[in-house]
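What follows is a set of notes on a single structure, which appears directly below.
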Amino acid sequence: MTEDLTFSSATTLARRLRSGDLSASTLVEACLDAIDARNDRTTAFVTARAEAARAAAAEADRAAARGESLGPLHGVPVGIKDLTPVAGVRTTYGSAPLAEHVPDRDDPVVERLRAAGAIVLGKTNTSEFGHVATTDNALFGPTGTPYGPERTAGGSSGGSAAAVADGLVPLAQGTDAGGSVRIPASACGLYGLKPTFGLVPRHTRPDALADVLPFTCTGPLARTVEDAACFLDVTAGPHTADPFSVPAPQGSFVAALDEGVDDLRVAYSPTLDGVFPVDERVETLVDEAVAALADAGATVERADPDLAPLWDDARAGSLTMFQAKVAALVANSEAAFGVDLGDHLEELSGVLAPMVRRGREHDAVSLCAANAARTAVFDAFEAVFAEYDLLACPTLAVPPFPKTEFGPETIAGESVDPYTGWYLTQAFNMTGHPAASLPAGWTDDGLPVGFQLAGPRHAEATLLAASAAYERERPWHDRRPGR
15 MTEDLTFSSA TTLARRLRSG DLSASTLVEA CLDAIDARND RTTAFVTARA EAARAAAAEA
75 DRAAARGESL GPLHGVPVGI KDLTPVAGVR TTYGSAPLAE HVPDRDDPVV ERLRAAGAIV
135 LGKTNTSEFG HVATTDNALF GPTGTPYGPE RTAGGSSGGS AAAVADGLVP LAQGTDAGGS
195 VRIPASACGL YGLKPTFGLV PRHTRPDALA DVLPFTCTGP LARTVEDAAC FLDVTAGPHT
255 ADPFSVPAPQ GSFVAALDEG VDDLRVAYSP TLDGVFPVDE RVETLVDEAV AALADAGATV
315 ERADPDLAPL WDDARAGSLT MFQAKVAALV ANSEAAFGVD LGDHLEELSG VLAPMVRRGR
375 EHDAVSLCAA NAARTAVFDA FEAVFAEYDL LACPTLAVPP FPKTEFGPET IAGESVDPYT
435 GWYLTQAFNM TGHPAASLPA GWTDDGLPVG FQLAGPRHAE ATLLAASAAY ERERPWHDRR
495 PGR
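Heads up: the sequence shown begins at 15 in this note's numbering, then just goes up one per residue.
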């Protein structure tokens, strides 16, 4: 019974909580028991706020008993990535110099989840400042996928993904600057959505403009498409802290799930114009998934964005941006965290410290040149979306690999950069387009594989409708690790 609760979808649980069929205290206790029983095998949660969560659950139950109006996520426990500030809760950013850092404010996404009735259960593991596409750091170690705990959960929101996939919490939040929601969604057999840049607001200080290098977004790691749509319903829209935040569209994202796909045209690009070699196991499963989308009623055609001639410059420009961004983070760290990370470079990870040093060497001209390369990628995607409603491609080029590695060095017989050559997610952060990762299936040895659907900016309703149609064709939410 307890396991059935913790593996249920967030929206199913919310309906039970609102009907009085389930108490928030019972649900929170079930999640805390699951963390005690299973967290050690994946290192999903790094900070649990057990007593605070119990107190919030008790208050949620009292509010229900008083007949108060209850939010869409009333009493539902959620996990928050350890890059996202939660007032009064240790938030380390996966970095040793910030091991005892405690923010005094909630990020806007936390504010809005709380306002919707959600209960923050704790913080989930991340790579240090989210700088690589796996989840590992010197404070807490690596996070593994529940479908093979010695294999990576992806990153950098791997803790959030592993927490949901292993039934520790029904819903979790992540951030995505190069694929950090979609990569772990693929590696953990979940639905993960990176919305249009600005749809879900963020709070970055002292630099409120930092999220454009590259476009960084907040999104859900969810068991079902409905859960992700509900997350957007309660978190999207302008916020005074975020100068890039945009209005949410009219209507509910959850309501869009029934729209169907009969009128949709989907471009399928198996390698993003040959830019990424793809493992045969991934290719087979993604082919089958895209065929299922056609079975649901969509028109699917092979079509590539014109990325191949652009990619070397775009990838180099993206690296320039990341390096500059982490260098600026260190420069602003005393104002942001009360700790000057410049005095602690030797304590940063072996990859991050060199990125900081290289980032300090970039000038404004190199950043502007990087933006020109991004613009070319943006135009390539817009050309696709002029003819098609959505673009499908693999999320990752390989199934999950050992969790202590950064990535593979060869894929399908071709040499690749182990840091960046295996995730087909990063291009959509260059451009700000919304993109989701959906479960394509599982390999013969039980490892999850995902595929992406991306759409025009502000086309979340279409993206969610197509995702829901695929989910109805090939439901995955009952899949559990070890079964």
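Where a beta carbon is used, it is the ideal one built from N, C-alpha and C, also for glycine.
CB-CB length for residue i against residue j, believed under 8 Å
i	j	result
V268	A243	5 Å
A426	E294	7 Å
H447	F395	6 Å
P498	A350	With the chain covering only 15 through 497, there is no way to say anything about residue 498.
V398	A303	No, V398 and A303 are not in contact; Cβ-Cβ is about 19 Å, not under 8 Å.
R104	V116	6 Å
N151	S363	7 Å
T106	L182	Contact flag wrong, Cβ pair sits at about 19 Å.
A441	L321	7 Å
Whether residue i touches residue j by CB criterion (7 Å)
i	j	result
T445	V391	yes
A411	F290	yes
G188	K95	yes
L271	L235	no
A175	A167	yes
V344	V370	yes
P111	H376	no
T232	R471	no
F229	N385	no
C45	T20	yes
T439	I49	no
C202	A179	yes
A480	V275	yes
A306	V314	no
V146	T249	no
A341	G373	yes
G136	R63	yes
T140	S170	yes
V165	K417	One point to set straight first is that residue 165 is Arg, not Val, in the sequence displayed. Yes, they are a contact pair.
V292	T285	yes
T149	G173	yes
Y484	G193	no
V42	A71	yes
S33	D75	no
F420	P432	yes
D247	S266	yes
Simplified DSSP state of residue i, which is helix, strand or coil
i	result
S22	coil
Y205	strand
G93	strand
R374	coil
A69	helix
P319	coil
T7	Lying outside 15 to 497, the shown extent of the chain, residue 7 is not represented and no answer is given.
D357	helix
L278	coil
T159	strand
A341	helix
F395	helix
G136	strand
L182	coil
T61	strand
F154	coil
L324	coil
S266	coil
A390	helix
G144	helix
T254	coil
T149	coil
R488	coil
G172	helix
Any non-hydrogen atom of the ligand COA closer than 6 Å to residue i Cβ
i	result
D75	Of ligands this structure carries none, so the ligand COA is not represented either.
Next item on the list: Give a yes or no on contact between the stretch 126-139 and the stretch 78-89, applying the rule of three or more CB pairs nearer than 8 Å.
Entry: Short answer: they touch.
Checklist line | Cβ contact check for the stretch 276-283 and the stretch 389-403: 3 or more pairs under 8 Å | finding: Yes: at least three Cβ pairs fall under 8 Å.
Checklist line | Within the stretch 398-477, ranges of the beta strand (DSSP E) (whole runs, at least 3 residues) | finding: Counting only unbroken stretches of 3 or more residues, the beta strand (DSSP E) elements lying wholly within the stretch 398-477 are 404-408, 449-456, 462-468, in sequence order.
Notebook entry, point to check: Does the pairing of the stretch 46-59 with the stretch 144-161 give three or more beta-carbon distances under 8 Å?
Noted result: Contact between the stretch 46-59 and the stretch 144-161 is present: three or more C-beta pairs spanning the two stretches fall below 8 Å.
Note to self: Check whether the stretch 447-454 and the stretch 462-473 are in contact - that is, three or more C-beta pairs closer than 8 Å.
What the structure shows: The answer is yes - the stretch 462-473 touches the stretch 447-454, with three or more Cβ pairs under 8 Å.
Next item on the list: Scan the stretch 76-130 and note each continuous beta strand (DSSP E) run of 3 residues or more that stays entirely inside, going in chain order.
Entry: Taking only runs of at least 3 residues, the beta strand (DSSP E) segments lying wholly in the stretch 76-130 are 91-95.
Margin query: If we require 4 or more residues per run, which alpha helix (DSSP H) segments fall completely within the stretch 282-317?
Written below: Listed in chain order, they are 294-309.
Item checked: In chain order, each alpha helix (DSSP H) run of at least 4 residues that lies wholly inside the stretch 187-243 -> Complete alpha helix (DSSP H) runs here, min 4: 196-202.
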